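> Structure below; questions to follow.
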Amino acid sequence: MKVPNVCYDVLSPVKFLGRSAAVYPDKVAVVHGEKRFTYREFEERVNRLANGLKAMGVAKGDKVAFLCPNIPPMLEAHYAVPMIGAVLVSINVRLAPSEISYILNHSDTKAVFVDNQLAGSVLPVLGELKEVKFFINICDSSDEKPLAGPEYEAFLAEGSPLAPAIDVDDEYQLATINYTSGTTGRPKGVMYHHRGA
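As numbered in the numbering used here, the sequence shown has no gaps in its residue numbers, which increase by one up to the final residue, 1407.
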């Protein structure tokens, strides 16, 4: 798309978080049970996730999947993954192992974050996953880690809290792939770009 010669900034939701953290740093942004994160804390967690992904080798266009319920790591992923130009693949927690395997292979996912309670949906298909290089366990630090890879909070602790450069140079760049339920066949990947998100 040709952009006219006017003051123009790429429209992307990942840019909204920095502004919110600057304007409302001490206001509560995230509430999940007993957990509370201010905008400043939430932005720092997002930055740590983004920087951790970059350190792991996740690059622009790579796919990063999350298989977890609606918990803070999923919200953090919605900012961190597209922030570095990668593509978030959110996986429906109700899918069967064969459908999860299909989605991870179809999307060429490189890294998968899995809630411990859902690891049983991934373990049976580990041998089928072609492109997955990394697993991160979303669990309490005292829990067993069923998949080879670090625990989520330990992974965050390794990432820098400083904001990475936002790697979105085109608002029509892919931000997420959301798969349909596959009612009449295989799940289908629905692509959302930054402007549409």
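Even for Gly, the Cβ is constructed at its ideal location relative to N, Cα and C.
A quick note: this is a predicted structure, and the numbers were derived from the prediction, not measured.
1. Is P1371 closer than 8 Å to A1260 when the C-beta atoms are compared?
2. Between G1267 and A1306, what straight-line distance do the alpha-carbon atoms span, to the nearest angstrom?
3. Just the Cα atoms here: how many angstroms apart are K1245 and E1251?
4. Which word fits G1330, buried or exposed, when buried means at least 16 other C-beta atoms lie within 10 angstroms of its C-beta?
5. Where does G1295 land, buried or exposed, given buried means 16+ other C-beta within 10 angstroms?
6. Pick helix, strand or coil for H1242, following the three-state DSSP scheme.
7. Have a look at T1390 and P1397 and give me their C-alpha separation to the nearest angstrom.
8. Going by beta carbon distance, what residues of the same chain come within less than 7 Å of L1384, once the five residues before and after it are set aside?
9. Counting only the same chain and skipping the five closest in sequence on each side, list residues whose C-beta sits under 8 Å from that of V1256.
10. In terms of residue numbering, what span does the alpha helix (DSSP H) encompassing L1227 cover?
11. List the whole-angstrom C-beta distance separating L1277 from V1303, where the pair is believed to meet the contact cut-off of C-beta under 8 Å.
12. Can you give the Cα-Cα distance for I1310 and R1258, rounded to whole angstroms?
13. For the candidate residues G1359, S1317, K1320 and A1275, whose alpha-carbon lies nearest to that of I1301?
14. Could you give the C-beta distance for D1272 and K1320, rounded to a whole number, given that I count them as a contact under 8 Å?
15. With DSSP as the reference, please indicate the residues paired to E1361 in a beta bridge.
16. Determine the extent of the beta strand (DSSP E) in which K1320 is found, giving its start and end residues.
17. Closest by CA to Y1382, which one among N1347, R1405 and E1368?
In this structure, then:
1. A1260 places its beta carbon 8 Å or farther from that of P1371.
2. The C-alpha of A1306 is placed about 29 Å away from the C-alpha of G1267.
3. So the two alpha carbons sit approximately 12 Å from each other.
4. It counts as exposed.
5. Flag for G1295 reads buried.
6. In the three-state DSSP reduction, H1242 falls in the strand class (E or B).
7. Each residue's Cα considered, the two are about 5 Å apart.
8. Closer than 7 Å at Cβ, skipping near neighbours: V1297, M1401 and H1403.
9. Setting aside the 5 residues that flank it on each side, V1256 is surrounded in the same chain by L1227, E1286, Y1289, A1290 and M1293, each with a C-beta closer than 8 Å to its C-beta; the list follows chain order.
10. V1224 to V1233 is the extent of the alpha helix (DSSP H) around L1227.
11. Cβ atoms of L1277 and V1303 come within 8 Å of each other, at about 7 Å.
12. The straight-line gap from Cα to Cα measures roughly 27 Å.
13. Out of G1359, S1317, K1320 and A1275, A1275 has the C-alpha closest to the C-alpha of I1301.
14. Going by Cβ atoms, the distance from D1272 to K1320 rounds to 5 Å, so yes, they are a contact pair.
15. Residue pairing from DSSP places E1361 in a beta bridge opposite N1347.
16. It spans T1319 to D1325 - the beta strand (DSSP E) in which K1320 sits, taken as one unbroken run.
17. Nearest of N1347, R1405 and E1368 to Y1382, Cα basis: R1405.
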